[in-house]
Amino acid sequence: MKKKGIGFASAWQGSNLHFGHPDVSTVLIELREDQKFYVGVAAADLGQGIPETTALIVSRVLGNLPLDKIVMIDPDTGATPDGGATGASRQTSVTGNAAFNAANNMLDLLKSVSSELLNTSPSEVEFKSAAFFNQDGENVTLSDVIDEAKNIGTSLSVIGSFKAPSTEDLDEKGQGYGVNQFGYATYVAEVEVDTETGEVDVLKISTFVDAGRIIRKIGAEMQVEGGVTMALGHTLTEEFKQENGWPLTDSFTTYLIPSIYDVPPEISAHFVEEEVPFGQLGAKGLAELVLVPVAPAVINAIYDAVGVYVTSLPATPERVLQAIKDQTPDL
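Residue 11 is where the sequence shown starts when you use my numbering, and the numbers rise one by one after that.
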């Protein structure tokens, strides 16, 4: 017999560097003779889309410049400024704000150079469609500005930095301003439990996430889908076993990570875009947060389906079946 259940879980997760560690990122932008903006930051992309998000932020500041006009330089500690660690869910909120500042610095520089050609003040120059316009509608192109910069000896290269609000180490009572930013999430899991085998099928997971302003929605949605899938492994299948210090789980035939066949048919991502006073972007960390509510939501759904809690992860068919047979929590 198969029974269905629904479970809810909420969670919060701190992001950015904690407990007094300085959290700084710097981004470089250069306008080169091919009329493209080269953006560099030594921030390693682990799959979450740092280059795409950074390019999009620069594009929006520069009048929604086409993305093919922006070239992301591969991270290189010898050629690109330090973006800090790719960890603590910090890159979008910290490096993103640095990119925002760098792009505004570039815009100010270009307006200053173009204003000489347009016989106006920089404050009256508008940049749109890859051209600079004065109040009378006269315009000059990027090529014109590049030539003028060479004539006057101005380098079209800028940097922008951002330092996250300072934190402090906790005192002996565990009190203090140790974290400067929190994200929040509530998940709903729908499962089907086979009462004869203990097998759990996750049918659907609906996610509701407050990660501040979402900069690149498709990237955020993919982050949710990947995080949910990763956490399902921790919840249902992944278990490292050892005996007398020797691993019994020594390959992926025994340490079972989720495959595409284990992904729920539906993972929906809903974002509560509550902007926060954190730099100019209003974005918060997302990457680690999206994993946290999965296990408790699924475990609660199993309880709703069959009336027992499995309190030792992963909730393997053997553990679920034993809990059903005992009709008591698997303590």
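Even for Gly, the Cβ is constructed at its ideal location relative to N, Cα and C.
Tell me which residue opens and which closes the alpha helix (DSSP H) that residue i is part of.
i, result
"L128", "106-128"
"G24", "Per DSSP, G24 belongs to no alpha helix (DSSP H); it is in the beta strand (DSSP E), 12-24."
"K4", "With the chain represented from 11 up to 341, any question about residue 4 goes unanswered, as that position is not in the structure."
"V304", "304-316"
When we look at the beta-carbon of residue i and count the other beta-carbons within 10 Å, is it buried (16 or more) or exposed?
i, result
"Q233", "buried"
"P353", "There is simply no residue 353 to check, as the chain begins at 11 and stops at 341 in what is shown."
"G17", "buried"
"S322", "exposed"
"P303", "buried"
"E328", "exposed"
"N310", "buried"
"A19", "buried"
"E276", "exposed"
How about residue i and residue j: do their beta carbons lie closer than 7 Å?
i, j, result
"V168", "M116", "yes"
"L301", "G193", "no"
"A307", "Y197", "yes"
"L145", "E134", "According to the sequence shown, residue 145 is Gln rather than Leu. Against a cut-off of 7 Å, the Cβ pair of E134 and Q145 comes out as a contact."
"V104", "A54", "no"
"K14", "D204", "no"
"G73", "D179", "no"
"E148", "L128", "yes"
Following the continuous beta strand (DSSP E) through residue i, name the residue where it begins and the one where it ends.
i, result
"L38", "34-41"
"D220", "210-220"
"E328", "No beta strand (DSSP E) contains E328, which is instead part of the alpha helix (DSSP H) from 327-336."
"Y265", "First-last for Y265: undefined, no H or E at that position."
"E202", "192-204"
"G229", "That residue, G229, is in no beta strand (DSSP E); its alpha helix (DSSP H) goes 227-242."
"V68", "Element bounds for V68: not the beta strand (DSSP E) but the alpha helix (DSSP H), 60-71."
"I224", "Neither: I224 is in no beta strand (DSSP E) and is coded neither H nor E."
Check the DSSP bridge columns for residue i and list the partner residues they point to.
i, result
"N149", "F143"
"S171", "T36"
"A279", "T217"
"D92", "A52"
"F137", "F142"
"A293", "G222"
"Q252", "P257"
"F47", "L41, I80"
Could you confirm whether any beta carbon from chain B is found closer than 7 Å to the beta carbon of residue i?
i, result
"A52", "The structure shown contains no chain B; it is built from a single protein chain."
Handout entry: Three or more C-beta pairs below 8 Å linking the region 279-289 and the region 203-214
Key = At 8 Å Cβ cutoff, the stretches do not touch.
Practice task
Inspect the CB distances between the region 45-58 and the region 71-83 and report whether three or more fall short of 8 Å.
Solution key: Because the criterion of three Cβ pairs below 8 Å is met, the region 45-58 and the region 71-83 touch.
Problem - the region 108-124 contacting the region 159-178, beta-carbon criterion three pairs below 8 Å - result: Counting Cβ pairs under 8 Å, three or more are found: they touch.
Exercise for the section: Report yes or no: do three or more beta-carbon pairs, one from the region 86-95 and one from the region 131-142, lie closer than 8 Å? Expected result: As far as the Cβ criterion goes, the region 86-95 does not touch the region 131-142, which means the pair count is below three.
Exercise for the section: Report yes or no: do three or more beta-carbon pairs, one from the region 262-269 and one from the region 283-293, lie closer than 8 Å? Expected result: Cβ pair count under 8 Å is below three, so no.
Practice task
Inspect the CB distances between the region 16-36 and the region 57-72 and report whether three or more fall short of 8 Å.
Solution key: Touching, no.
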